[in-house]
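Below is one structure; the comments refer to it alone.
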Amino acid sequence: AVNELLTELFPRALIVTPNRFEAERIVGHEIRSLEDAREAAREIHERYGPEAVIVKGGHLEEEKAVDVLFYRGRLYELKSPRLEGCTHGTGCSFSAAITANIALGKDLLTAVRTAKKFIELAIDFGNRIGHGSCPVNHIAWMEIPAERWRMYETMRACLDELLDVLRKHVDLIPEVGINMAYALPRRYVRGPEDFLALEGRITKGVGRPVFSGEVKFGASRHLARALLRYMESFPEYRCVLNVRYSEDLIGKLERAGLRVSFYDRREEPEEIKAKEGATVPWGIGVAIERSKGRPDVIYHLGDWGKEPMVLIFGKDPFDVLKKLRKVLKDEDD
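Taking my numbering, the leading residue of the sequence shown gets 38, the next gets one more, and so forth.
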């Protein structure tokens with residue numbers, strides 16, 4: 038079968054994509070380095086006739102994963118970082134992505150480069166299921182940008198309603214302002230850049246809320262840290278809103294049937310204080326442990342130079358707003 042593959046199919050192929058071990062079988066000698074991969078790609082083209090040859094570099098002992106492409110007499114090196122994600126199905130998905138992009142009318146080089154980006158995401162956000170090597174995530178390429186747009190539209194719509202609420206309850210705005218953070222699904226979260234938030238926050242004007250910024254990813258590191266820690270325990274709850282602390286508000290939250298917990302910054306261990314950005318995740322963890330269940334609300338009473346604050350968590354912006362409205366309903370009535 039190998040002979041038929043090489044003598045019947047390869048001459049008809051636009052591109053072939055062997056990995057290191059497959060290429061060694063084809064050319065009959067070891068491939069240990071990038072230079073070996075370059076020679077093998079050229080040799081496969083000259084011996085068997087496919088128009089383009091990629092010798093994939095995932096198994097080469099290089100700092101980066103370097104795929105070597107021989108196409109129309111030129112060699113190209115396509116580099117990517119080595120990823121610790123899932124790799125089962127990488128080769129099939131990569132070649133299928135090249136084929137799909139060529140079918141869309143892209144030239145071969147563009148098709149290969151696009152497929153390379155596709156497979157990087159598929160590996161990085163692989164489906165960590167089953168035993169052994171876990172499978173790549175084919176839909177990450179589409180799902181992440183689609184979800185980012187859906188989140189943006191949801192946040193914008195909710196922001197308009199939140200501002201309407203705050204016009205009647207300006208006292209909810211703390212001195213530092215109000216922000217809302219909304220995270221990508223937990224499997225896609227890597228850092229603050231994966232959290233949608235309000236650039237510039239909602240501040241208090243003369244008797245009214247003021248928001249002059251934009252809804253942007255990466256606009257709040259502070260709330261992102263709080264929400265990320267919360268999502269480690271409750272991954273379906275992807276949104277949080279901060280409002281001004283008052284004893285009266287805490288009482289209303291509890292009477293509305295919401296589970297309320299807290300943490301005390303004065304109890305923060307010295308080793309946590311010494312680490313930049315560690316206070317909030319520590320506090321959220323303490324409050325969750327104290328709650329003996331999933332808290333809807335977490336507050337703290339501040340510290341030197343730190344304003345007391347209330348955080349309301351929910352599955353999405355409208356879920357958070359629903360909880361806030363539940364508390365304010367009696368006042369509005």
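Beta carbons are placed, not taken as given, at the ideal position from N, Cα and C, and that holds for glycine.
Sub-9 Å separation of residue i and residue j beta-carbons
i: residue 104; j: residue 115; result: yes
i: residue 56; j: residue 95; result: yes
i: residue 196; j: residue 232; result: no
i: residue 117; j: residue 175; result: no
i: residue 374; j: residue 344; result: The displayed coordinates of the chain run from 38 to 370. Any statement about residue 374 would go beyond what the structure contains.
i: residue 52; j: residue 135; result: yes
i: residue 279; j: residue 323; result: no
i: residue 331; j: residue 296; result: yes
i: residue 60; j: residue 149; result: no
i: residue 5; j: residue 186; result: The structure shown has nothing for residue 5, since the chain only spans 38 to 370.
i: residue 293; j: residue 360; result: yes
i: residue 286; j: residue 239; result: no
i: residue 216; j: residue 194; result: no
Unbroken alpha helix (DSSP H) run spanning residue i, endpoints
i: residue 145; result: 145 to 161
i: residue 47; result: Neither: residue 47 is in no alpha helix (DSSP H) and is coded neither H nor E.
i: residue 134; result: 127 to 140
i: residue 334; result: Segment 334 to 337 is the beta strand (DSSP E) holding residue 334; no alpha helix (DSSP H) there.
i: residue 173; result: Note, residue 173: premise wrong, no alpha helix (DSSP H); not H, not E.
i: residue 60; result: 57 to 64
i: residue 310; result: 307 to 310
Close Cβ partners of residue i (< 8 Å) along its chain, the five nearest in sequence each way excluded
i: residue 316; result: 302, 305, 309 and 310
i: residue 169; result: 125
Nonlocal neighbours in the same chain, by C-beta distance under 6 Å from residue i, ignoring five residues either side
i: residue 253; result: 236
i: residue 54; result: 91 and 132
Residue nearest to residue i in terms of C-alpha spacing, selected from the options
i: residue 354; options: 314, 294, 346 and 264; result: 264
i: residue 363; options: 255, 333, 338 and 340; result: 333
i: residue 255; options: 78, 173, 249 and 218; result: 218
i: residue 86; options: 47, 202 and 173; result: 47
i: residue 205; options: 366, 39 and 41; result: 366
i: residue 281; options: 290, 274 and 273; result: 290
i: residue 319; options: 93, 300, 175 and 198; result: 300
i: residue 44; options: 70, 71, 81 and 216; result: 81
i: residue 78; options: 231, 225 and 108; result: 108
i: residue 183; options: 194, 222, 171 and 154; result: 222
i: residue 101; options: 137, 58, 84 and 157; result: 157
i: residue 272; options: 226, 239, 230 and 288; result: 226
i: residue 270; options: 328, 287 and 258; result: 328
i: residue 71; options: 185, 84 and 93; result: 93
i: residue 69; options: 97, 84 and 75; result: 97
i: residue 339; options: 213, 84 and 274; result: 213
i: residue 276; options: 283, 325, 356 and 224; result: 356
i: residue 283; options: 321, 84, 76 and 337; result: 337
Endpoints, the beta strand (DSSP E) within which residue i is located
i: residue 73; result: Segment 71 to 85 is the alpha helix (DSSP H) holding residue 73; no beta strand (DSSP E) there.
i: residue 298; result: 297 to 300
i: residue 351; result: 346 to 351
i: residue 114; result: 111 to 117
i: residue 103; result: 102 to 108
i: residue 325; result: Residue 325 -> not in any beta strand (DSSP E); alpha helix (DSSP H) instead, spanning 316 to 328.
i: residue 91; result: 89 to 92
Own chain partners of residue i with C-beta closer than 7 Å, once the 5 adjacent residues on each side are dropped
i: residue 160; result: 120, 122, 123, 124, 127 and 173
i: residue 314; result: 262
i: residue 375; result: Lying outside 38 to 370, the shown extent of the chain, residue 375 is not represented and no answer is given.
i: residue 249; result: 237
Check: residue i C-beta below 8 Å from any heavy atom of the ligand PLP
i: residue 308; result: Within the structure as shown, the ligand PLP is missing, as the structure has no ligands at all.
In chain order, each beta strand (DSSP E) run of at least 3 residues that lies wholly inside the region 206 to 292: 217 to 220, 232 to 235, 252 to 254 and 276 to 281
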